[in-house]
Amino acid sequence: MTKPRLYSGMQPSADSLHVGNYIGALLQWRELQDSYEAFFSVVDLHALTQPIEPAALREMTRRTAAQYIAAGIEPSRSTLYVQSHVRAHAELAWVLSTITGFGEANRMTQFKDKSARYGADATNVGLFTYPVLMAADILLYQTDIVPVGDDQKQHVELTRDLAERFNSRYGTAFTVPIPVIQKETARIYDLQNPASKMSKSAESEAGILWMLDDPAVSAKKVMRAVTDNEGSVRYDRETKPGVSNLLTIYSALTGRQVASIEDEYAGRGYGDFKKGLAEVVVSEFAPVRERTLEMLADPAELDRVLASNADRAAEVADATLADVYDKVGLLRRV
Ligand code: ATP
Ligand code: LTN
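Residue numbers (our numbering): 1 to 334.
Next comes the structure, spelled out in structure tokens:
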């Protein structure tokens, strides 16, 4: 029996992924790759919408791919590739842009936020059409489910609208995908500022646990995490956001229930709790970091794996694109 298809991706916008990316995305991807035919991309074309040095982009693309693999995405089982290696993405995005309303694109809140932050002159058209490229990513693979964070839900809704619009205007070419939104418990906050989510683009590094941090640095960041004055290890997102965030990380990395961790540390101080968490973090990420660095030491081998996965992806993507080109009436080249 054929498995349903899954698609997801991340931008190569930092040298290292962080614990939020790991818990909120990679852990679930790894789990889902058994029951789905999964496609995971490093969306380098999307990364071009932000100012980025060419050499740095190349390096971050390899590093992101290596971290997917080190975290357990298996390139022999799932198709793990670089978006720009499959030309159909840019081509389908063009066709989809011609059925996307200007007003419809203009309602995307991520674009509104980012363009407000940068100002009109620093905002490029690529940022505006970003969700259309994302729709192309998803629709090329006849995707059934798209696991994403809450912030991407609107983009997947747009993808559904575009798929339905195309199918009814030109005949069915696309599977209409369903967004699978991660639970609130999968949201990780900044260790220094537990009101905002841990983010690659945060101003200070102190609250971000990078997957590739030296273990001693990770431990130090955990020990310095912001807590509160109450002194009891207890989950309460409202009044104890710092401690609750640490409990979430502890629970996600060990698979233990929050209540059992609370019990273990009942009557003990935050120092003990943080020491325990630092050990958990280090034992989870030290091997991931080592595997990543090993792969990065042999970039030619990594590039070969990415190339063969891109071939596999292109086979699926090209078939969808050919069907779309036919349906909209582009003359077939003989
Ligand atoms: P930025 O904040 O700079 O946009 P980011 O760190 O949020 O970057 P993305 O590339 O937007 O990372 O997200 C990649 C994946 O990681 C997405 O599936 C997203 O939902 C997930 N993710 C990112 N940050 C967190 C977080 N703090 N907690 C849980 N999941 C997260
Ligand atoms: N926009 C997403 C990254 C992304 C994606 C996708 C996610 C690009 N294409 C297709 C799922 C499916 C982000 O910023 N996290």
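Each residue gets a CB set at the ideal place from its N, CA and C atoms; glycine is no exception.
Three-state secondary structure (DSSP) of residue i
i: Met-10; result: strand
i: Arg-51; result: It should be noted that the sequence gives Pro, not Arg, for residue 51. Three-state result, Pro-51: coil.
i: Ser-41; result: strand
i: Tyr-325; result: helix
i: Leu-17; result: coil
i: Leu-411; result: Here the chain has residues from 1 to 334 only, and residue 411 is not among them.
i: Gly-5; result: The question names Gly, yet the displayed sequence has Arg at residue 5. In the structure shown, Arg-5 sits in a strand (DSSP, three-state: E or B).
i: Asp-236; result: strand
i: Val-334; result: coil
i: Val-337; result: What the structure shows of the chain is the stretch from 1 to 334, and residue 337 is not part of that stretch, so it cannot be assessed.
i: Ser-35; result: coil
i: Asp-228; result: coil
i: Ser-308; result: helix
i: Thr-109; result: helix
i: Gly-119; result: coil
i: Ala-313; result: helix
i: Arg-87; result: coil
Sequence-distant residues of the same chain with beta carbon closer than 8 Å to residue i, five excluded per side
i: Asp-310; result: A quick correction: the sequence has Ala, not Asp, at residue 310. Counting only Cβ-Cβ distances below 8 Å, and skipping sequence neighbours, we find Tyr-81, Val-82, His-85, Val-86.
i: Leu-296; result: Arg-62, Arg-63, Ala-66, Leu-302
i: Gln-142; result: Arg-5, Phe-174, Thr-175, Val-316, Thr-320
i: Glu-164; result: Val-176
i: Tyr-270; result: Thr-227, Gly-231, Val-233, Val-243
i: Ala-286; result: Pro-215
i: Arg-312; result: Thr-79, Tyr-81
i: Asp-323; result: Ala-173
i: Asn-229; result: none
i: Lys-114; result: Thr-123, Leu-127
Close-in-space but distant-in-sequence residues of the same chain around residue i (CB under 7 Å, 5 per side omitted)
i: Ala-225; result: Leu-191, Gly-242, Leu-246, Lys-274
i: Ser-244; result: Tyr-235, Asp-236, Arg-237
i: Ser-97; result: Thr-129, Val-132
i: Asp-44; result: Pro-12, Leu-57, Thr-61, Val-82, Gln-83, Ser-84
i: Trp-210; result: Ser-16, His-18
i: Phe-166; result: Ile-99, Ala-173, Phe-174
i: Tyr-390; result: Any answer about residue 390 is impossible in this case: the structure gives the chain only from 1 up to 334.
i: Thr-109; result: Gln-154
i: Glu-91; result: Leu-321
i: Val-288; result: Ala-70, Ala-71, Met-211
Member of the options whose CA lies at the smallest distance from the CA of residue i
i: Thr-49; options: Leu-127, Glu-230, Lys-200, Glu-264; result: Leu-127
i: Met-1; options: Tyr-36, Asn-21, Ala-14, Leu-27; result: Tyr-36
i: Ile-138; options: Gly-149, Ala-122, Val-156, Thr-123; result: Val-156
i: Tyr-68; options: His-46, Tyr-22, His-89; result: Tyr-22
i: Ala-135; options: Asp-144, Ala-122, Asn-124, Thr-159; result: Thr-159
i: Val-19; options: Gln-152, Val-305, Leu-212, Tyr-270; result: Leu-212
i: Ile-145; options: Gln-152, Val-180, Ala-47; result: Val-180
i: Thr-248; options: Ala-105, Met-198, Lys-327, Glu-205; result: Met-198
i: Ile-73; options: Gln-33, Leu-57, Met-108; result: Gln-33
i: Asp-326; options: Val-95, Thr-254, Leu-27, Ala-259; result: Val-95
i: Ala-70; options: Arg-304, Ala-56, Glu-290, Val-305; result: Glu-290
i: Pro-75; options: Phe-39, Glu-31, Gly-171; result: Phe-39
i: Lys-183; options: Lys-153, Gly-329, Gly-9; result: Lys-153
i: Val-282; options: Glu-31, Ser-260, Thr-254, Asp-298; result: Thr-254
Nonlocal neighbours in the same chain, by C-beta distance under 6 Å from residue i, ignoring five residues either side
i: Val-42; result: Pro-12, Thr-61, Thr-64, Ala-65, Val-82
i: Tyr-265; result: Val-233, Phe-273
i: Val-258; result: Tyr-235, Leu-247, Ser-251
i: Gly-207; result: Asp-190, Leu-191, Gln-192, Asn-193
C-beta neighbour in chain D for residue i, strict 8 Å
i: Glu-59; result: Chain labels in this structure do not include chain D; a single protein chain is all it has.
Contact test: residue i Cβ vs the ligand MN heavy atom, cutoff 7 Å
i: His-85; result: What this structure holds is the ligand ATP and the ligand LTN, not the ligand MN.
- Item | Within 7 Å of the ligand ATP: residues by beta-carbon to any heavy atom | Those residues are Ser-8, Met-10, Gln-11, Ser-13, His-18, Gly-20, Asn-21, Ile-23, Gly-24, Ala-25, Val-148, Gly-149, Asp-151, Gln-152, Gln-182, Ala-186, Arg-187, Ile-188, Tyr-189, Lys-197, Met-198, Ser-199, Lys-200, Ser-201, given in chain order.
- Residue ranges of each alpha helix (DSSP H) run of no fewer than 4 residues wholly in the stretch 130-214, ordered along the chain? 153-170
- Output the residue ranges of the beta strand (DSSP E) runs that lie fully inside the stretch 239-274 and measure 3 residues or longer, sorted by chain position. none
- Item | Completely contained alpha helix (DSSP H) runs for the stretch 274-304, where each covers 4 or more residues | The qualifying runs do not exist here; there are none.
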